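Have a look at the structure below, then the notes.
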Amino acid sequence: MNKFIRFLKDWTLPIAIAVGTVVYLVFYWVPQLDSAGDTLGAVVDTVFPWMVFSTLFSNFCRIDFHQMRPHRWQFGVIATQLVLIALNVWVILCVEGDLWQKMLFESLLTCIIGPAATAAPVVTGKIGGNINTMTAFVVLSSFVSALTIPAVFPLLERGAGLNFWSAFLIILHKLSIVLILPLLLGWFVQHFAKRLCAWIVSIPDLPFYLWAAQLSVTSGVTVRNIVRSEAGVSLLIMIALLSLVLCFVLFAIGRGVGHYLGDRINSGQASFQKNTALSIWVAYTYLTPMASVGAGCYVLWQNIINTLELWQYRKGKK
């Protein structure tokens with residue numbers, strides 16, 4: 160029994176991905192479950208934002224707000240992200256006449272331009288990184304993405320016809336609900352509800368397991384988007400492979416930046432862990448549902464890499 164529990168703890172992320180995938184496919188393949196699936200889908204849509212909120216709130220109860228200050232690696236990661244965005248936009252404009260290639264690079268752009276994942280501090284803390292500076296980067300990255308997304312995508316597609324300020328305010332609103340509010344509440348609880356804060360902190364790995372539950376739901380939604388996609392199999396495979404390559408490229412770039420600017424662990428996580436939920440919204444708003452497949456595949460790849468990092472960290476400690 161102890162070995163089974165240890166196995167669940169060690170491989171939480173792939174188990175969460177597998178559970179979300181299998182549950183969705185069961186509802187998809189069994190017609191008798193259609194009505195139950197519709198009901199469950201509505202419940203998930205209602206509960207999911209609260210899952211994200213609780214994950215971040217429990218994590219923010221643990222951070223030291225005095226250490227949330229700028230570091231050189233944060234600006235290095237942002238600079239490399241802006242360079243990659245500019246290169247990707249240039250490629251898309253060059254292949255304007257080739258719809259197939261344009262879709263591929265638009266899928267990659269939605270991943271690159273997205274901010275750091277709101278749950279990035281959770282994994283960073285599990286592999287020996289600094290959750291305080293990572294949290295500061297998530298806030299900085301979110302603001303940068305809120306500026307770049309409405310500035311870049313109207314150059315490529317008209318999408319929903321949003322002007323810069325409308326899109327900027329919508330993105331800030333989305334990010335404030337799942338990022339700023341739990342951050343402020345975490346600060347409030349630390350200073351004015353210390354018993355509650357101590358109880359939350361006393362629960363081992365609470366943010367990690369809450370995030371695993373959130374990942375399970377995200378995986379099911381990702382598989383749904385892929386299954387319902389109207390693209391051909393060859394295009395889906397190419398998008399999946401390119402998103403995998405992008406995941407490794409961003410990870411390597413982040414580690415390289417951190418090597419020169421003083422924090423390889425945080426810099427690597429900050430570079431490749433993306434807020435794919437926002438990337439999917441960007442794809443639907445400015446581009447096409449097809450472009451969201453890249454972000455959907457990316458979330459699976461980045462969590463497989465996170466699993467390998469956790470395994471390597473545990474191995475190193477042993």
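Numbers given in our numbering equal positions in the sequence shown, counted from 1, plus 159.
For each residue, glycine too, the CB sits at the ideal point set by N, CA and C.
Predicted, not measured: the structure shown is a model, and the values here were computed from it.
C-alpha gap between residue i and residue j, whole angstroms
i	j	result
Ile463	Gln432	11 Å
Ser300	Ile237	7 Å
Ile290	Val380	28 Å
Val392	Thr292	41 Å
Trp324	Ser304	13 Å
Ile398	Ile359	40 Å
Phe367	Val282	7 Å
Val382	Phe351	42 Å
Phe347	Thr239	34 Å
Ala436	Phe166	29 Å
Lys353	Phe296	26 Å
Val133	Phe219	Since the first and last residues shown for the chain are 160 and 477, residue 133 lies out of range.
Val408	Leu401	10 Å
Val404	Ala411	11 Å
Ala201	Ala195	10 Å
Phe312	Phe163	48 Å
Leu334	Leu394	31 Å
Trp440	Thr180	21 Å
Tyr457	Pro173	14 Å
Ala442	His230	31 Å
Ile271	Leu243	7 Å
Leu342	Leu267	30 Å
Trp232	Leu199	42 Å
Phe302	Val386	33 Å
Thr269	Leu306	14 Å
Gly421	Thr444	37 Å
Ile396	Ala371	26 Å
Gly345	Ala275	19 Å
Ile251	Gly415	26 Å
Residue i - containing alpha helix (DSSP H), residue span
i	result
Pro274	Note, Pro274: premise wrong, no alpha helix (DSSP H); not H, not E.
Val311	290-311
Arg534	Only positions 160 to 477 of the chain appear in the structure, and residue 534 is not among them; the question remains open.
Ala454	451-476
Val416	392-420
Ser335	Run containing Ser335: none; DSSP gives neither H nor E here.
Gln349	340-351
Residues that residue i bridges to, as DSSP identifies them
i	result
Lys433	Ala275
Secondary structure of residue i, DSSP reduced to three states
i	result
Trp170	coil
Pro229	coil
Val248	helix
Glu265	helix
Arg221	coil
Pro363	coil
Ile164	helix
Gly287	coil
Thr214	helix
Thr205	helix
Thr447	coil
Val382	helix
Ile197	Per the sequence presented here, residue 197 reads as Asp, with Ile not at that position. In the structure shown, Asp197 sits in a helix (DSSP, three-state: H, G or I).
Val189	coil
Leu314	helix
Buried or exposed (CB count within 10 angstroms, at least 16 for buried), residue i
i	result
Leu253	Position check: residue 253 holds Cys in this sequence, whereas Leu was assumed. With fewer than 16 other Cβ atoms within 10 Å, it is exposed.
Asn247	buried
Ile176	buried
His332	exposed
Pro208	exposed
Gln191	exposed
His418	exposed
Thr171	buried
Leu355	exposed
Lys285	buried
Lys261	buried
Gly235	buried
Ser467	The residue asked about is misnamed: residue 467 is Leu in this sequence, not Ser. So Leu467 counts as exposed.
Gln226	exposed
Gln428	buried
Val452	buried
Gln349	buried
Gly475	exposed
Gln373	buried
Arg473	exposed
Leu314	exposed
Thr377	buried
Ile424	buried
Thr205	exposed
Ser361	exposed
Asn384	buried
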